[in-house]
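**Q** My numbering puts the sequence shown at residues 325 to 683. Below is the structure I would like to discuss, written out as structure tokens.
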Amino acid sequence: RAYNFNAGPAALPLEVLQNAQKQFVEYEESGMSLMEMSHRGAVYEKVHYETETLLRELMSIPEGYKVLFVQGGASTQFAMVPMNLLRAGTTAAYVATGSWATKAIQEAKLFGDVAVAASSEADAYKRIPAAEELKLPSNPAYVHLTSNETIEGTQWTDYPDTGSVPLIGDMSSDILCRPVDVSKFGLIYAGAQKNLGPSGVTIVIIREDLIAKPEGAVPTMLRYDTHAKADSLYNTPPTFAIYMAGEVLKWVKANGGAAGMAARNNEKANLLYDTIDSSGGFYRGFADAGSRSIMNVTFRLATEELEKQFAKESEAQGFVGLKGHRSVGGLRASIYNAVTPENVQALAGFMRDFQSRNG
Ligand code: PLP
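What follows is the structure, encoded as structure tokens:
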């Protein structure tokens, strides 16, 4: 298998893929694939509710929250959040931390008043603003933050306390990478395709008091109350993606849960950041040290030519997905939950070797 450092869709645990392969044609002696089954049947419903139960257990989701499986990716949540929660006379507050926060802001502006509560744009989005920097508008509907900026490689460590104002988190690229206090949030959303499974399902964790009839005309499928009332079975859900997410969650549980993932991810991230920091300036981390992501490690080399050479040579040696996003340049190693410590060790070895040949 390739050394897969793709930013998303991303590596899945090998055991999960192998087990799914075994069950692909016939799911548990049912005479058919899970993909061929009715979403109203008992076999699929068991998978559906088991996936939800496991997510609740692994994220310690408190009572009073609904877990929804929806479609359209996190990008659709950029619209659904303001469509459902932004009401006349209120302002949506966003923390501008990078590329994905900016997309969320642009989308929210289609639906009402938006204020930027804090921004690191002046620092090229190399850092996460401190909680004290947040300035809320007078009547805030909610505060939205991007837990991990996948492109810049920055991540929140301590989420701000927003009091009675609901905090909304886009956790697409770091959900379940470590324990998180869900009770700090009014709503969390995440596309599954990095830490939770294949693309096609989006997870929404929403506090029940925020589930209400939206103002104005909102399409039925874009209302949280539609999916909450129907346990995410209002229409045909992405059954195979939900099944795969459940299998990934079983793997997370078998590997120590959220705390186990945090230990594994910190070890992997530390190894890469140590390799960067001990390179005498050959490699330069993009993100400020205090804002570094344990999911996406972004770094640069002295020249773009050398970066191109790194990308080319690493690819020839079986490393996939290391070229940085075009908006930031440089290189990026995405080391989501399923990326093995062995693969990260192999990358650190390649980095040292590349330096010794080009330093
Ligand atoms: N938010 C973040 C932080 C992301 O990393 C991504 C995708 O990479 C998205 C949102 C968009 O997700 P989707 O492609 O599921 O719409």
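No residue lacks a Cβ here, since even glycine has one placed at the ideal position from N, Cα and C. Just so you know, these numbers come straight off a predicted model, no measurement behind them.
Does the distance from the CB of Leu-379 to the CB of Gly-581 come in under 7 Å?
**A** Cβ atoms of Leu-379 and Gly-581: not closer than 7 Å.
**Q** Given 8 Å as the limit, is there contact between the region 530–541 and the region 331–339, that is, 3 or more CB pairs closer than that?
**A** Contact fails: fewer than three Cβ-Cβ distances are below 8 Å.
**Q** Please go through the region 515–554 and give each complete alpha helix (DSSP H) segment of 4 or more residues, from N-terminal end onward.
**A** The region 515–554 contains these whole alpha helix (DSSP H) runs: 548–553.
**Q** Closer than 6 Å: is that where the CB of Thr-481 sits relative to any heavy atom of the ligand PLP?
**A** Because no heavy atom of the ligand PLP lies under 6 Å away, the Cβ of Thr-481 does not count as near it: no.
**Q** Would you say the beta carbon of Gly-332 comes nearer than 6 Å to a heavy atom of the ligand PLP?
**A** At least one heavy atom of the ligand PLP is nearer than 6 Å to the Cβ of Gly-332, so yes.
**Q** Can you tell me which of the three DSSP states Thr-470 falls into?
**A** DSSP places Thr-470 in strand when its eight states are reduced to three.
**Q** Quick check: the Cα distance between Gln-401 and Ala-514, rounded to an integer number of angstroms?
**A** Answer to the nearest angstrom: the Cα atoms are 9 Å apart.
**Q** Using DSSP with H/G/I as helix, E/B as strand and the rest coil, what is Tyr-327?
**A** It is a strand residue.
**Q** What does DSSP give as the partner residue(s) for Val-394 in the beta ladder?
**A** In the DSSP output, where bridge partners are listed per residue, Val-394 has Thr-526.
**Q** Below 8 Å, how does it come out for the region 458–471 and the region 359–377: are there three or more Cβ pairs, yes or no?
**A** Segments in contact, no.
**Q** Let me know if Glu-476 comes out buried or exposed under the rule of 16 or more other beta-carbons within 10 Å of its beta-carbon.
**A** Glu-476 should be labelled buried.
**Q** How is Arg-608 classed by DSSP in three states: helix, strand or coil?
**A** Three-state DSSP puts Arg-608 in a strand.
**Q** Alpha helix (DSSP H) containing Ser-638: first to last residue?
**A** Run containing Ser-638: 628–640, per the alpha helix (DSSP H) assignment.
**Q** Residues in the same chain with beta-carbon distance under 8 Å from Lys-546, minus the five sequence neighbours each way, listed in chain order, please.
**A** What sits at residue 546 in the sequence shown is Leu, not Lys. Excluding residues within five positions, the ones whose Cβ falls inside 8 Å are Thr-400, Ala-403, Met-404, Met-407, Asn-408.
**Q** Secondary structure at Tyr-483, three-state DSSP: helix, strand or coil?
**A** Coil, per DSSP.
**Q** Is it buried or exposed, Thr-478, if we count other Cβ atoms within 10 angstroms and call 16 or more buried?
**A** Thr-478 comes out buried.
**Q** Kindly indicate which residue of Glu-445, Ser-444, Ala-416, Ala-442 has the alpha-carbon position closest to the one of Glu-431.
**A** Looking at the Cα atoms, Ala-416 is the closest of the given residues.
**Q** Under a three-way DSSP split, which group does Asp-498 fall into?
**A** Correct three-state label for Asp-498: coil.
**Q** Taking Val-668 as the reference, which of Ser-638, Ala-593, Ser-603 has the closest Cα?
**A** Answer by Cα proximity: Ala-593.
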